[in-house]
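Read in order, the letters of the sequence shown are residues 17 to 506 in our numbering. Following: one structure in structure tokens, then a few remarks.
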Amino acid sequence: MRIAIIATYTHPTRLRIKEPSIMQSSVPELIAGLCPEHAEVEIFNEKEADLPLDRHWDLVFFSYLHSYYEHTKVLSTLFRQRGMTTVAGGRHASHFPDDAAKYFDAVITAEPESNVPALIADFEKGELKPRYSLPSHGAAAIRPYRYELIDFTHNKVRLPGIEASRGCPFTCNFCVLTGHERYRFRPVPEVIDEIQTRMRWNPNFLGLMGDAFVFLDNNLGGSPKYLRALCEALIPLKKTWGCALTFNVLKDESLVKLMAKAGCRYVYTGLESLNPDSIKAMNKGQNKLSEVDAVIRRVFSAGILLSFGLIVGSDGDTNEYLHRLPEYLADLKYFSVTFLGIVCPYPETPFFRELQAEDRLLPGTTSRDYDGYTLCHRPKQMHASEVVEHFQRLCHTLGSLPNVARHYASKLMMSDLPRYKQTILFSGPEIVSIRNPVKNPARRYIAGLDAIEAWDAEQMARLGLTPQVLTGPGTAGARPTPAPGLAAHG
Numbered sequence: 017m018r019i020a021i022i023a024t025y026t027h028p029t030r031l032r033i034k035e036p037s038i039m040q041s042s043v044p045e046l047i048a049g050l051c052p053e054h055a056e057v058e059i060f061n062e063k064e065a066d067l068p069l070d071r072h073w074d075l076v077f078f079s080y081l082h083s084y085y086e087h088t089k090v091l092s093t094l095f096r097q098r099g100m101t102t103v104a105g106g107r108h109a110s111h112f113p114d115d116a117a118k119y120f121d122a123v124i125t126a127e128p129e130s131n132v133p134a135l136i137a138d139f140e141k142g143e144l145k146p147r148y149s150l151p152s153h154g155a156a157a158i159r160p161y162r163y164e165l166i167d168f169t170h171n172k173v174r175l176p177g178i179e180a181s182r183g184c185p186f187t188c189n190f191c192v193l194t195g196h197e198r199y200r201f202r203p204v205p206e207v208i209d210e211i212q213t214r215m216r217w218n219p220n221f222l223g224l225m226g227d228a229f230v231f232l233d234n235n236l237g238g239s240p241k242y243l244r245a246l247c248e249a250l251i252p253l254k255k256t257w258g259c260a261l262t263f264n265v266l267k268d269e270s271l272v273k274l275m276a277k278a279g280c281r282y283v284y285t286g287l288e289s290l291n292p293d294s295i296k297a298m299n300k301g302q303n304k305l306s307e308v309d310a311v312i313r314r315v316f317s318a319g320i321l322l323s324f325g326l327i328v329g330s331d332g333d334t335n336e337y338l339h340r341l342p343e344y345l346a347d348l349k350y351f352s353v354t355f356l357g358i359v360c361p362y363p364e365t366p367f368f369r370e371l372q373a374e375d376r377l378l379p380g381t382t383s384r385d386y387d388g389y390t391l392c393h394r395p396k397q398m399h400a401s402e403v404v405e406h407f408q409r410l411c412h413t414l415g416s417l418p419n420v421a422r423h424y425a426s427k428l429m430m431s432d433l434p435r436y437k438q439t440i441l442f443s444g445p446e447i448v449s450i451r452n453p454v455k456n457p458a459r460r461y462i463a464g465l466d467a468i469e470a471w472d473a474e475q476m477a478r479l480g481l482t483p484q485v486l487t488g489p490g491t492a493g494a495r496p497t498p499a500p501g502l503a504a505h506g
């Protein structure tokens, strides 16, 4: 039996562009680890390389984000016409299983560890069901990834990734985890064993990236007690790693030092905004802006590169705040931004339900627009066009080469820990990548105004497919069972 596992991708510019980077979707390796030994498995990540459309597989698993749905259903339709059986999974499929069922032979609406093996067994017996929603067996059921299937030639800077936990204990109103996924973690010995015995390392750059990996967790610090135990166990391995966690964890100085001792050299946190009104509107109370400067200095001094994600378009945002944002960042001398986006009301979030109740979703919004780079609603204090203007200006400002030079100058000498300087140098391209979403001058960045990718539009017209509109009453549908393992890392 031949199985393909595909992480689909469409670029924020809506042009045919690949974007190799350090962290990539590891869903294909996850699903591959759940396939039977007798299966011939191939994995593909469209963010790194084009998908070979002339190949044939018996069974094809698709993992996709909301904004990749139209592209993914085009691929599924083409494959089904050639006799292949296709499967959809992930948060979008979990939330819209009835819509997905029109374009895929089966839909997984729960975690993969229980459902992928059951689906494959049914397929081999000729008894495939249209939907699979077996309950989760918990984080301890997470199986080792198939790291040997990763092709580092397509993405020379990629690092292997691993899950230690799933979910997040916080309830930010714009987050797809809120109300759908509780926080839980794997036994520490299992995580350590997977790193020691299963993980395969990036051989590029003369081995400079060897023995380095990333934790794929939404929030590795969801339990500080667990994070401490994990760090203690990581110390003897002498590996280098990065992770994402919430800002509140970094206020614990002893924990930050322990992370650095355990090999942590990179932390990403979604600070989201420097505007207290915007933080309040997001229900993101764990971010205390008055503590930002001291925490940033402490983390860098410990030997860890701390980078942030910022979003614009929140209800607390104003023209004055967004205009002065570069000044605020300059005041925080060591602040590093590696992601800038537009706040996105994903359909399964409290934020979406709030906007829907207030009739503030923009007309004509489709699943393609829920990409984190397109304004899908009317903010309370700004016009849509103003948000877009600020977003484009900030992308060019924060992703500029002078900004990277300031980043290097202010941070390169802050620590002498092994691989700290190397991490700082590798972070430069991540900062420059902030400009990538605005490289298409034809893009409007307002929902309903931008065409989808030309190839997808052509195929959809030929196949008789229509975009999924996500603005009307009842859009959210029935409350789904989440499937984090199929899409959490896309």
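Glycine residues also receive a C-beta, built at the ideal position from the N, C-alpha and C atoms.
Mapping DSSP to helix, strand and coil, what is residue i?
{"i": "Trp257", "result": "strand"}
{"i": "His406", "result": "helix"}
{"i": "Leu274", "result": "helix"}
{"i": "Met476", "result": "helix"}
{"i": "Cys247", "result": "helix"}
{"i": "Pro500", "result": "Its pLDDT being 33, under 50, Pro500 is placed unreliably in this model, and the coordinates cannot settle the point."}
{"i": "Leu322", "result": "strand"}
{"i": "Gly99", "result": "coil"}
{"i": "Ile21", "result": "strand"}
{"i": "Leu148", "result": "It is worth fixing the name first, because residue 148 is Tyr in this sequence and not Leu. If DSSP states are grouped into helix, strand and coil, Tyr148 belongs with the strands."}
{"i": "Thr213", "result": "helix"}
{"i": "Arg281", "result": "strand"}
{"i": "Glu129", "result": "helix"}
{"i": "Ala310", "result": "helix"}
{"i": "Ala155", "result": "helix"}
{"i": "Thr26", "result": "coil"}
{"i": "Leu135", "result": "helix"}
{"i": "Ala55", "result": "coil"}
{"i": "Leu287", "result": "strand"}
{"i": "Ile47", "result": "helix"}
{"i": "Asn303", "result": "Caution applies to Asn303, whose pLDDT of 44 falls short of 50 and renders its modelled position unreliable; the value that the coordinates give is listed next. Note: Asn303 maps to coil in three-state DSSP."}
{"i": "Glu35", "result": "coil"}
{"i": "Ala470", "result": "helix"}
Apply the 10 Å Cβ neighbour rule to residue i and answer buried if 16 or more other Cβ atoms are within range, or exposed otherwise.
{"i": "Asp167", "result": "exposed"}
{"i": "Ala425", "result": "exposed"}
{"i": "Leu486", "result": "buried"}
{"i": "Met429", "result": "exposed"}
{"i": "Ala157", "result": "exposed"}
{"i": "Glu197", "result": "buried"}
{"i": "Thr102", "result": "buried"}
{"i": "Gly286", "result": "buried"}
{"i": "Ser289", "result": "buried"}
{"i": "Ala109", "result": "buried"}
{"i": "Asp70", "result": "exposed"}
{"i": "Asn303", "result": "In this prediction, Asn303 scores a pLDDT of 44, lower than 50, which makes its location untrustworthy; the coordinate-derived value is nonetheless stated afterwards. So Asn303 ends up on the buried side."}
Is the beta carbon of residue j closer than 8 Å to that of residue i?
{"i": "Val76", "j": "Ile136", "result": "no"}
{"i": "Pro128", "j": "Leu46", "result": "yes"}
{"i": "Ala126", "j": "Ser152", "result": "yes"}
{"i": "Val454", "j": "Cys392", "result": "no"}
{"i": "Cys259", "j": "Phe221", "result": "no"}
{"i": "Tyr348", "j": "Val308", "result": "Here residue 348 is Leu; the residue named in the question, Tyr, does not match the sequence. Yes, they are a contact pair."}
{"i": "Glu64", "j": "Pro44", "result": "no"}
{"i": "Ile358", "j": "Gly329", "result": "yes"}
{"i": "Asp209", "j": "Lys255", "result": "no"}
{"i": "Leu271", "j": "Ser181", "result": "no"}
{"i": "Ala155", "j": "Trp73", "result": "no"}
{"i": "Tyr284", "j": "Arg216", "result": "no"}
{"i": "Tyr161", "j": "Ser41", "result": "no"}
{"i": "Tyr362", "j": "Val192", "result": "yes"}
Ignoring anything shorter than 4 residues, give me the alpha helix (DSSP H) runs that lie fully in the region 411-464, in order along the chain.
Entirely contained in the region 411-464, the alpha helix (DSSP H) runs reaching 4 residues are, in chain order, 417-427 and 436-448.
Kindly confirm or deny that the region 275-294 and the region 426-440 touch, where touching means at least three C-beta pairs closer than 8 Å.
yes
Sufficient close CB pairs (3 or more, under 8 Å) joining the region 362-377 to the region 397-410
No, because fewer than three Cβ pairs between the region 362-377 and the region 397-410 fall closer than 8 Å, the two stretches do not touch.
Any 3 or more C-beta pairs closer than 8 Å across the region 24-43 and the region 468-476:
yes
Kindly provide the ranges of any beta strand (DSSP E) runs that are 3 or more residues long and lie completely inside the region 332-415, ordered along the chain.
353-358
Threshold first: 3 residues or longer. Then list the beta strand (DSSP E) segments lying entirely within the region 61-117, N to C.
75-79 and 101-105
Quick one: complete beta strand (DSSP E) runs, 3+ long, within the region 163-242?
228-231
How about the region 207-224 and the region 264-274: do they share at least three Cβ pairs that are nearer than 8 Å?
No, they do not touch.
For the pair the region 139-147 and the region 383-399, tell me if three or more CB-CB distances fall below 8 Å.
Short answer: they don't touch.
Quick check: the region 312-329 against the region 372-387, are there 3 or more CB pairs under 8 Å?
Because the criterion of three Cβ pairs below 8 Å is not met, the region 312-329 and the region 372-387 do not touch.
Stretch pair the region 473-487 + the region 445-459: three plus CB contacts closer than 8 Å:
In the pairwise beta carbon analysis, the region 473-487 is classified as not touching the region 445-459: fewer than three pairs are separated by under 8 Å.
Pair every Cβ in the region 178-194 with every Cβ in the region 48-56, then say whether three or more of these pairs are closer than 8 Å.
no
Pairs of beta-carbons, one from the region 203-220 and one from the region 413-421, closer than 8 Å: are there three or more?
no
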